[in-house]
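Here's the structure, in structure tokens; my notes come after.
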Amino acid sequence: MTDVVMPQMGESIVEGTLTKWLKKPGERVERDELLFEISTDKVDTEIPSPVAGVLAQVLVEEGQTVAINTVVGRIDEGGVAVAATPAPEPEAVSEPVPAPAPVVVETPAPAEESAGPISPLVRRMARDHSIDLRLVRGTGMGGRITKQDVEAHLAKAPAPREAGAKVRIEPMSVMRQRIAEHMLASKRTSAHVTTFHRVDMTRVVRLRARVKEDFQARHGFALTYLPFIARAAAEALRAYPLLNASIDGANIVYHNQIDIGVAVALEGGYGLIVPVIRNADEKNVVGLQRAIVDLATRARTKQLKPDEVQGGTFSITNFGSFGSLFATPVINQPQVAILGVGAVEKIPVVIEDDAIAIRSVCILGLSFDHRLIDGALADLFCQKVKAILETWSEDVL
Amino acid sequence: MRKCELRDLGRVGYAEAFELQRGLVDRRKRGEIPDQLLILEHPHVVTLGRNGSLANVLASPEVMARAGIEFHQTDRGGDVTYHGPGQVIGYPIFDLREWKRDVVAYVRAIEQAIIGALEEFGIPARREQGATGVWTDRGKVAAIGVHISRWVTSHGLALNLTTDLSYFRYIVPCGLTKPVTSMRELGCQASRGEVVGALARGFGREFGFDEILTSTEKAL
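So the sequence lines, in the order shown, correspond to chains A and B. Per the working numbering, the first sequence starts with residue 2, numbered consecutively. Per the working numbering, the second sequence starts with residue 112, numbered consecutively.
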């Protein structure tokens, strides 16, 4: 067996992503024939096989990123191709395949067992760990189960799994555990109340519709509603600084800076991170949109620095982008309020003179800590946000 | 003596250029030809790299077809990008065994060649950590995406000279939501020929070519 490793394609390179196997397990590969593709930064590279033989094991799956010199697969130089490939050249089998050692059957083999002969070692490992070998994927010759396969199976399954189990147990990711702690700690700490205000977004919707193409062309990213909301919230925080405060024992801590955290959902809804826009009240809509796009992109690609997710004084969560109309967000501790933004949608509303008109409307939900903030103040804050958005007059973003 | 042949080919369709590169890569691997630098321009086309995400293509295939934009999935590194008239495309077919066996150094050298070329026109440009390409204060002016097989390179760079930047709205270039710019937008009135000359000098410096032969021939 020859190990195939993640090659070092340059001095400063420490890892690479295996993007594609060009051969399947069991398939024959010639020496120097292209075996797999890797990707580092902006470079795609095809890697040839170091030896001729049969790809016996694939240890790194497509899409995985591993350090250089990690064994990504093994080639059996004396192997016989088992996949539907052109028949191997005769000389390839000149070295005889070692016959499996005679097996002393100590326990009755499971009826469905079809993975070919099982070595005494594998059988003993299976017995010791109560593993049902039918559940182990064999990557050896002809799909045979090897010692490595059993070890891989053991590493994969944290608890021995009974056949026909009704649950699957998986450890939480570190991020998931942190989110769980934070959410519960917040609910234990703050006296949560949520108040809802309906905002007529028609002016903002029209402004955005008018400028969005030019905006995208000029700045290279799209204009959303979120920077308008953030702009209005920053202005309202200036007017009502208690919502930008936090509680320290029996003291109120007023923050002189308005640093707004924006919740970012990670790929596929698995995880949440709240990067912070510093001095949000000093930015215009363009600056806020740029900050949001930059932070969200780097949050999703895990490139945020630790201090970029700490020290926010207020948060905004935009569940409207997933179609939610209104929700009751959990306060991001040690802050005392969080603004939830519902979907902007057209609905019929009764306007002046009892007429019915079609307006673009969005529902804002403000969760606040009733220990520090009373309902009246929370609603004054929301009315301020609402007034700014409904009378948006700046043509300049 | 390090020699490079520069082929200035004018407008070439994406698929044709791809085949052309394939042929030259094979011949370069066999050592039949010296290093090649193809300079050309593509009609409107959006291409997606091997690691690219279709999510970064913002427009539907129908919308792009209506706008006269082709779409290709391709085997270079990097995410999605747009090519079109007004861009200077450079496809180096280099055998890196004759230079440095280092893919990162290769990409950095291409960046440096472009930065050097821009310098000739008084445009300050730089690299950005973690974002391959060449950047100016007004955004990204050149994109890079490379494929390497047995140390022979293909694909390469796209430098915006007079590119109509509004076409970038169909995509999230390289998956980065940062602005894109062009030499023209940066106030540079240089002609295409002048830019190609400056690029050739940049490549000569960075890759240590003693001689760059220029032709307009597609094949030998």
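Just so you know, even glycine gets a beta-carbon here, dropped at the ideal spot from N, CA and C. The structure displayed is predicted, hence computed values, not measured ones.
*Does any CB atom of chain B fall closer than 7 angstroms to the CB of serine 50(A)?*
For serine 50(A), no Cβ of chain B is located within less than 7 angstroms of the residue's own Cβ.
*Does DSSP classify glutamate 92(A) as helix, strand or coil?*
Note that glutamate 92(A) scores 39 on pLDDT, short of 50, meaning its location in the model is unreliable and no value can be drawn from it.
*asked:* Within 7 angstroms of any Cβ in chain B, is that where the Cβ of glutamine 65(A) sits?
replied: Taking Cβ atoms only, chain B never reaches closer than 7 angstroms to glutamine 65(A), which makes this a no.
*Where lysine 43(A) meets chain B, residues with beta-carbon distance less than 7 angstroms*: Within chain B, Gly188, Gly189, Val218, Thr243, Ile255, Gly256 and Val257 have C-beta atoms less than 7 angstroms from the C-beta of lysine 43(A), given in sequence order.
*Are any of the Cβ atoms in chain B nearer than 7 angstroms to that of glycine 324(A)?*
Nearest CB-CB separation between glycine 324(A) and chain B: not below the 7 angstroms threshold.
*Interface partners of glycine 250(B) on chain A, CB under 9 angstroms*: Per Cβ cutoff of 9 angstroms: His220 and Gly221.
*Could you check the C-alpha separation between glutamine 179(B) and valine 283(B) for me, to the nearest Å?*
Sequence inspection shows glycine at residue 179(B); the glutamine mentioned does not correspond to that position. Whole-angstrom Cα-Cα distance: 18 angstroms.
_Can you tell me where the alpha helix (DSSP H) holding glutamine 149(A) begins and where it ends?_
Under the DSSP assignment, glutamine 149(A) falls in the alpha helix (DSSP H) whose first and last residues are 148-157.
*Considering serine 187(A), what are the terminal residues of the alpha helix (DSSP H) in which it resides?*
According to the DSSP assignment, serine 187(A) belongs to the alpha helix (DSSP H) that extends over 175-190.
*asked:* Just checking: is the beta-carbon of alanine 88(A) within a distance shorter than 7 angstroms of some beta-carbon in chain B?
replied: The pLDDT assigned to alanine 88(A) is 40, lower than 50, so where the model puts this residue is not dependable; a value taken from the coordinates is nonetheless given after this. False, the Cβ-Cβ gap to chain B never drops below 7 angstroms.
*Compute the Euclidean distance between the alpha carbons of alanine 85(A) and aspartate 215(A), then round it to the nearest angstrom.*
Legend: pLDDT at alanine 85(A) = 43, less than 50; position of this residue unreliable, value from coordinates given subsequently. If you draw a straight line from the Cα of alanine 85(A) to the Cα of aspartate 215(A), it comes to about 55 angstroms.
_Buried versus exposed call for glycine 64(A) [16 or more other C-beta atoms within 10 Å across all chains shown]_ = Flag for glycine 64(A) reads exposed.
*asked:* Taking the straight line between their C-alpha atoms, what separation do you get for threonine 329(A) and threonine 318(A)?
replied: Taking the straight line joining both Cα atoms gives about 10 angstroms.
_Opening and closing residue of the beta strand (DSSP E) in which alanine 377(A) lies_ = Following the DSSP letters along the chain, one finds alanine 377(A) in no beta strand (DSSP E) but inside the alpha helix (DSSP H) bounded by residues 376-391.
*Evaluate contact between the region 251-261 of chain B and the region 186-197 of chain B, counting only Cβ atoms and requiring at least three cross-stretch pairs below 8 angstroms.*
Output reads yes: the region 186-197 of chain B touches the region 251-261 of chain B.
*asked:* Please list, in chain order, the chain A residues whose beta carbon lies closer than 7 angstroms to that of valine 136(B).
replied: Proximity of chain A to valine 136(B) at the Cβ level (cut-off 7 angstroms) is not reached, the minimal Cβ distance being about 11 angstroms.
_Where the alpha helix (DSSP H) through leucine 229(B) begins and ends_ = Segment 214-231, the alpha helix (DSSP H) holding leucine 229(B).
*Are alanine 53(A) and arginine 75(A) close, meaning C-beta to C-beta below 7 angstroms?*
Arginine 75(A) sits away from alanine 53(A), with the two beta carbons spaced by 7 angstroms or more.
*So which residues on chain B does glutamine 149(A) lean against when the C-beta distance must stay under 9 angstroms?*
For a Cβ distance threshold of 9 angstroms, nothing in chain B lies close to glutamine 149(A): the least Cβ distance comes to about 29 angstroms.
_With three or more C-beta pairs closer than 8 angstroms as the rule, is the region 235-246 of chain B touching the region 168-175 of chain B?_
The region 168-175 of chain B is not in contact with the region 235-246 of chain B.
*Best match in Gly163(B), Pro203(B) and Pro154(B) for proximity to alanine 311(B) [C-alpha to C-alpha]*: With distances taken between Cα atoms, alanine 311(B) lies closest to Pro203(B).
_Where asparagine 162(B) meets chain A, residues with beta-carbon distance less than 8 angstroms_ = What asparagine 162(B) touches in chain A: Thr18, Thr20, Ser40 and Asp45.
*Who are the neighbours of lysine 335(B) on chain A, taking C-beta pairs under 7 angstroms?*
Residue numbering for chain B in the displayed model covers 112 to 331; residue 335(B) lies beyond these limits and cannot be assessed.
*asked:* Whole angstroms are fine: how far does the CA of glutamine 300(B) sit from the CA of alanine 228(B)?
replied: Their Cα atoms are separated by approximately 14 angstroms.
*Measure the alpha-carbon distance for isoleucine 48(A) versus arginine 208(B) and round it to whole angstroms.*
A direct Cα-Cα distance of roughly 15 angstroms separates isoleucine 48(A) from arginine 208(B).
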